[in-house]
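For reference, the structure discussed in these notes is given below.
Residue numbers (full-length UniProt numbering): 1 to 516.
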């Protein structure tokens with residue numbers, strides 16, 4: 001098994017002038033990227049970076065991000081990519097945990113970074129990608145411009161990382177608590193990369209429209225898979241106005257697009273995706289949460305000749321664990337498929353015995369893509385990495401053919417009266433209504449029932465607005481009485497993590513009262 005670096009080096013040697021990254025109408029070739037990465041590596045080593053030192057990256061998706069990602073690892077360092085749209089509190093949690101040697105930062109993160117600087121004694125160097133006036137940083141920090149690192153003389157070729165070396169730490173999005181630092185080796189990345197490349201049939205002819213952030217495991221997987229095969233990363237700078245993203249897809253003739261469920265909700269309901277044509281588009285992928293069958297049907301109606309891969313994964317598994325292949329969607333709609341090449345998935349009950357078809361248990365994963373552990377958290381690591389494999393915390397059932405169907409997260413189950421209710425089922429029912437773009441169902445405190453079922457609904461911009469009464473009537477037709485929604489609350493948007501996952505805890509905390 002080859003590391004990403006070994007595969008990237010082969011692509012540079014074979015096709016140095018092929019475009020690796022397209023961003024803001026600028027092309028960066030594989031040779032350009034290799035030169036920048038080697039210079040960054042040489043600069044970091046000249047500043048004293050030692051093998052295994054962490055370097056945080058706090059910049060948006062860009063060619064500079066990719067060069068920093070490769071350069072840090074080429075120098076023997078560990079990449080810690082973080083959301084640049086951050087707060088002092090978030091930085092204290094993540095940077096305080098990983099104790100970085102250096103930081104590559106953009107203007108957006110500099111002010112919160114300066115506000116917690118005294119809490120970061122490990123920092124020696126800071127590389128500024130933007131040339132805007134800088135806030136006051138400690139005198140002990142060496143401040144450099146990106147050009148200083150990217151144009152540093154390279155006197156020797158850096159040694160390639162080994163499979164057992166730590167490649168990166170990805171902090172979980174923290175929807176349920178303090179983020180954990182998922183520690184991944186170069187072997188973990190190489191294993192998951194090989195699996196994804198195989199089932200997507202990726203090649204140097206592929207170019208993917210990237211709207212997902214690279215600091216998120218799903219976005220990160222787009223980066224390493226396309227660099228490994230010599231493909232092209234087309235970076236979207238503006239995901240607020242989705243029609244601009246569609247313009248970029250058409251202009252650059254991308255062959256692939258990847259998104260989370262909320263991405264496809266926006267494309268279907270907040271853009272003119274339905275009326276456009278994408279003749280070069282070969283595939284769509286979705287992960288980061290289950291895509292409701294009603295949304296799957298709408299997507300396939302809009303782009304019937306495009307392959308749709310419905311995937312499941314976790315940061316703790318580098319990125320990907322399973323996929324439902326395009327030719328299986330008709331017969332196994334609602335399933336997350338089976339384990340991808342190199343990954344073994346099982347569903348175990350509370351006694352760690354395999355469940356029978358139709359029974360519910362926890363998904364357990366085994367494979368070379370599973371993390372080394374949580375950074376600085378042996379207790380947390382021991383809780384999820386057990387003798388039987390990685391305990392995902394996701395509940396599922398298995399059918400007679402071995403296909404998995406997610407039931408929900410253990411933490412999301414609503415406890416109403418004597419019943420345990422899966423909100424995913426209710427959300428799928430409500431999403432069948434044409435006037436609904438997004439929905440999240442949660443349990444809010446109720447003195448009598450324990451929890452009362454509440455639906456937070458976002459209207460579709462492309463349909464006639466629905467009403468609470470329409471939703472209630474629809475649910476009465478399709479749900480048993482004990483699963484009935486108690487309240488419907490219309491919102492402009494649902495709170496999400498930077499990776500697009502819905503923050504249900506935020507919804508639970510907005511207003512704990514339920515109308516009588």
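For glycine and all other residues, C-beta sits at the position ideal for the given N, C-alpha and C.
Original post:
Mapping DSSP to helix, strand and coil, what is residue 175?
Top reply: Residue placement at residue 175 is poorly supported in this model, since its pLDDT is 45, which falls under 50; the coordinates are not used for a value here.
**OP:** Could you have a look at residue 281 and say whether DSSP puts it in helix, strand or coil?
**Re:** It is coil, neither helix nor strand.
Subject >> C-alpha gap between residue 449 and residue 124, whole angstroms >> reply: 55 Å
**OP:** Tell me where the beta strand (DSSP E) around residue 451 begins and ends.
**Re:** 450–459
Original post:
In chain order, which beta strand (DSSP E) runs of at least 3 residues are fully inside the stretch 194–238?
Top reply: Restricted to the stretch 194–238, the beta strand (DSSP E) segments that are unbroken, complete and at least 3 residues in length are 207–210 and 232–235, listed in chain order.
Original post:
Are the stretch 32–50 and the stretch 217–224 touching by the rule of at least three beta carbon pairs closer than 8 Å?
Top reply: Taking a cut-off of 8 Å for Cβ pairs, the stretch 32–50 and the stretch 217–224 do not touch, as fewer than three such pairs fall below it.
Original post:
residue 176 to residue 18, Cα distance in whole Å?
Top reply: The predicted model places residue 176 with a pLDDT of 47, which falls under 50 and marks its position as unreliable, so this point remains unresolved.
**OP:** Within the same chain, show all residues whose beta-carbon is closer than 6 Å to that of residue 203, passing over the 5 residues directly before and after it, in chain order.
**Re:** 229
Subject >> CB-CB length for residue 319 against residue 217, believed under 8 Å >> reply: 5 Å
Subject >> Top-ranked residue by Cα proximity to residue 73, from 34, 94 and 83 >> reply: 34
Original post:
So what's residue 261 in DSSP terms, helix, strand or just coil?
Top reply: helix
**OP:** Going by CA-CA distance only, name the one from 92, 103, 400 and 181 that's closest to residue 69.
**Re:** Among 92, 103, 400 and 181, the Cα nearest to that of residue 69 is on 103.
**OP:** Could you pull the start and end residues of the beta strand (DSSP E) that residue 311 belongs to?
**Re:** 307–312
**OP:** Run through the stretch 331–364 for me and flag every whole alpha helix (DSSP H) of 4 or more residues, listed as ranges in chain order.
**Re:** none
Original post:
On the three-state DSSP scale, how would you describe residue 506?
Top reply: helix
Subject >> Which listed residue (391, 41 and 277) has its alpha carbon closest to that of residue 243 >> reply: 277
Subject >> Span separating the alpha-carbon of residue 344 from that of residue 326 >> reply: 20 Å
**OP:** Could you say which of 368, 193, 396 and 427 lies nearest to residue 6 if we only look at CA atoms?
**Re:** Among 368, 193, 396 and 427, the Cα nearest to that of residue 6 belongs to 193.
Original post:
DSSP state of residue 167, grouped into three classes?
Top reply: DSSP places residue 167 in strand when its eight states are reduced to three.
**OP:** Select from 9, 339 and 107 the residue whose C-alpha is nearest the C-alpha of residue 158.
**Re:** 9
Original post:
Taking just the CA atoms, how far does residue 393 sit from residue 405?
Top reply: Looking at the backbone, the Cα of residue 405 and that of residue 393 are separated by about 14 Å.
Original post:
What does a CB cutoff of less than 7 Å around residue 478 pick up in its chain, not counting 5 residues either side in sequence?
Top reply: 429
Subject >> Through-space distance from residue 340 to residue 433, alpha-carbon basis >> reply: 33 Å
Original post:
Is there contact here, the stretch 255–269 with the stretch 277–291, by at least three beta-carbon pairs under 8 Å?
Top reply: In short, these stretches touch, since the Cβ pair count reaches three.
Original post:
Looking at residue 136 and residue 114, is the spacing between their C-beta atoms short of 8 Å?
Top reply: yes
Original post:
In the DSSP assignment, what residue or residues form a beta bridge with residue 436?
Top reply: 459
Original post:
What did DSSP end up calling residue 51 once you bin it into helix, strand or coil?
Top reply: coil
Original post:
In chain order, what residues of the same chain lie with their CB nearer than 6 Å to the CB of residue 427, ignoring the 5 residues before and after it?
Top reply: 439 and 441
Subject >> Own chain, CB closer than 7 Å to residue 377, minus 5 neighbours either side, in chain order >> reply: 180
Original post:
Would a C-beta distance cut-off of 8 Å place residue 357 and residue 398 closer than the cut-off?
Top reply: yes
Original post:
What are the complete beta strand (DSSP E) segments, minimum 3 residues, inside the stretch 369–403?
Top reply: Taking only runs of at least 3 residues, the beta strand (DSSP E) segments lying wholly in the stretch 369–403 are 389–398.
**OP:** Let me know the secondary structure DSSP gives residue 181 once reduced to three states.
**Re:** Of the three classes helix, strand and coil, the one that applies to residue 181 here is strand, per DSSP.
Original post:
By the 10 Å Cβ neighbour count, where 16 or more other Cβ atoms means buried, how is residue 422 classified, buried or exposed?
Top reply: buried
Subject >> Alpha carbon of residue 127 to alpha carbon of residue 63, nearest angstrom >> reply: In a straight line, the C-alpha of residue 127 is about 15 Å away from that of residue 63.
Subject >> Counted within 10 angstroms of its Cβ, other Cβ atoms place residue 482 as buried (16 or more) or exposed >> reply: exposed
Original post:
Sorted by chain position, which residues of the same chain lie with C-beta nearer than 8 Å to residue 307's C-beta, five sequence neighbours on each side aside?
Top reply: 282, 283, 284 and 326
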